[in-house]
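Colleague: Counting in the numbering used here, the sequence shown runs from 1 upward without gaps. Don't be surprised by glycine CBs; every beta carbon is placed ideally from N, CA and C. Everything numeric in this text was worked out from a predicted model, so none of it was measured.
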Amino acid sequence: MADRPASELAFTMAHLMLPKDGNPMGFVHGGVVAKHIDEAAAVVASRHARCMVVTRSFDNLEFHNHVEIGNLLILKASLNMVGTTSMEIGVRVEEEELTSGRINHIASAYLTFVAINEEGKPCPVPQAVFTSEAEKRRNKEAACRRQKRLAKEPCS
Ligand SMILES: CC(C)(COP(=O)(O)OP(=O)(O)OC[C@H]1O[C@@H](n2cnc3c(N)ncnc32)[C@H](O)[C@@H]1OP(=O)(O)O)[C@@H](O)C(=O)NCCC(=O)NCCS
1 MADRPASELA
11 FTMAHLMLPK
21 DGNPMGFVHG
31 GVVAKHIDEA
41 AAVVASRHAR
51 CMVVTRSFDN
61 LEFHNHVEIG
71 NLLILKASLN
81 MVGTTSMEIG
91 VRVEEEELTS
101 GRINHIASAY
111 LTFVAINEEG
121 KPCPVPQAVF
131 TSEAEKRRNK
141 EAACRRQKRL
151 AKEPCS
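(1) Look at the Cβ atom of valine 53, then the Cβ atom of alanine 115, and state whether they are nearer than 7 Å.
(2) Just the residues with CB closer than 5 Å to a heavy atom of ligand 1, in chain order, which are they?
(3) What's the call for leucine 16, buried or exposed, on a 16-neighbour Cβ count within 10 Å?
(4) Which residue from Ser7, Met87, Asp3 puts its Cα closest to that of threonine 131?
(5) What residues match up with valine 114 in a beta bridge as DSSP calls it?
(6) Judging by CA-CA distance, which residue of Arg145, Thr112, Asn139, Cys144 is the nearest neighbour of alanine 41?
(7) How is the beta strand (DSSP E) around alanine 14 delimited, first residue to last?
(8) Alpha carbon to alpha carbon, what distance is there between alanine 128 and lysine 76?
(9) Look at the alpha carbon of methionine 13 and the alpha carbon of glycine 83, and state the distance between them as a whole number of angstroms.
(10) Could you tell me the alpha carbon to alpha carbon distance between arginine 102 and glutamate 94, rounded to whole angstroms?
(11) By DSSP, does alanine 2 sit in helix, in strand, or in coil?
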């Protein structure tokens with residue numbers, strides 16, 4: 001399998017937030033945002049692996065701001081790291097206020113996807129090439145997160 005440039009996999013998805021996406025406070029439900037994060041990340045993982053992928057982990061998700069109904073939810077997903085059968089995908093979540101054009105940072109999330117074969121067992125994925133300074137930085141940070149994740153460090 002040939003190594004694939006991470007830059008080719010960067011993917012942006014946008015959804016108009018409608019009343020059906022709201023919580024009782026009238027803002028967008030956190031679970032709706034989480035679902036869209038998982039979907040955007042799954043696209044990047046699937047495009048890289050070109051086989052079935054499943055979400056193995058979803059690092060803790062912090063919301064810096066709420067999202068208003070009527071605004072655009074923008075999800076920018078990128079491949080941060082490749083293991084043997086797993087991939088870390090980072091997703092930056094933004095809200096575009098459609099009446100002003102203002103962009104608000106809502107959350108950043110890191111997900112690990114595993115490629116699986118027809119028996120549902122992990123299978124190898126191609127390696128990736130990280131070229132730009134931003135890609136190299138994200139790759140280095142992802143390696144650190146992977147180490148912590150797999151170590152399952154106890155809370156102190
Ligand atoms: C994905 C699955 C097949 C992997 O099985 P597994 O027994 O964990 O397999 P392995 O131990 O060989 O690990 C597979 C990969 O996951 C990684 N991994 C293991 N634990 C992890 C964790 N807590 N977080 C992130 N990655 C992890 C391993 O490092 C390995 O990656 P690598 O090959 O790049 O090193 C299995 O866990 C599964 O089916 N999980 C359910 C997935 C799912 O249904 N998701 C949707 C939920 S609704």
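Modeller: Per the coordinate set shown:
(1) The sequence position of residue 53 within the sequence shown is 53, counting from 1. The sequence position of residue 115 within the sequence shown is 115, counting from 1. In this structure, alanine 115 lies closer than 7 Å to valine 53 by Cβ.
(2) Val54, Thr55, Arg56, Ser57, Gly83, Thr84, Thr85, Ser86, Thr112, Val114, Pro122, Arg149
(3) Taking the first residue of the sequence shown as position 1, residue 16 is located at position 16. Answer is exposed; the Cβ neighbour count stays below 16.
(4) Taking the first residue of the sequence shown as position 1, residue 131 is located at position 131. The shortest Cα separation from threonine 131 among Ser7, Met87, Asp3 belongs to Ser7.
(5) Counting from 1 along the sequence shown, the entry for residue 114 is found at position 114. Partner(s): Val54, Ser86.
(6) Taking the sequence shown and counting its residues from 1, one reaches residue 41 at position 41. Checked all of Arg145, Thr112, Asn139, Cys144; the closest Cα to alanine 41 is Thr112.
(7) Here residue 14 corresponds to residue number 14 of the sequence shown, with the count starting at 1. From DSSP, the beta strand (DSSP E) with alanine 14 extends over 11-16.
(8) Within the sequence shown, the letter at position 76 stands for residue 76. Within the sequence shown, the letter at position 128 stands for residue 128. Roughly 18 Å between the two C-alpha positions.
(9) Walking along the sequence shown from the start, residue 13 turns up at place 13. Walking along the sequence shown from the start, residue 83 turns up at place 83. Here the alpha carbon of methionine 13 sits roughly 25 Å from the alpha carbon of glycine 83.
(10) One-based indexing of the sequence shown puts residue 102 at position 102. One-based indexing of the sequence shown puts residue 94 at position 94. Approximately 10 Å between the Cα atoms of the pair.
(11) Indexing the sequence shown from 1 puts residue 2 at position 2. Coil at alanine 2, not helix or strand.
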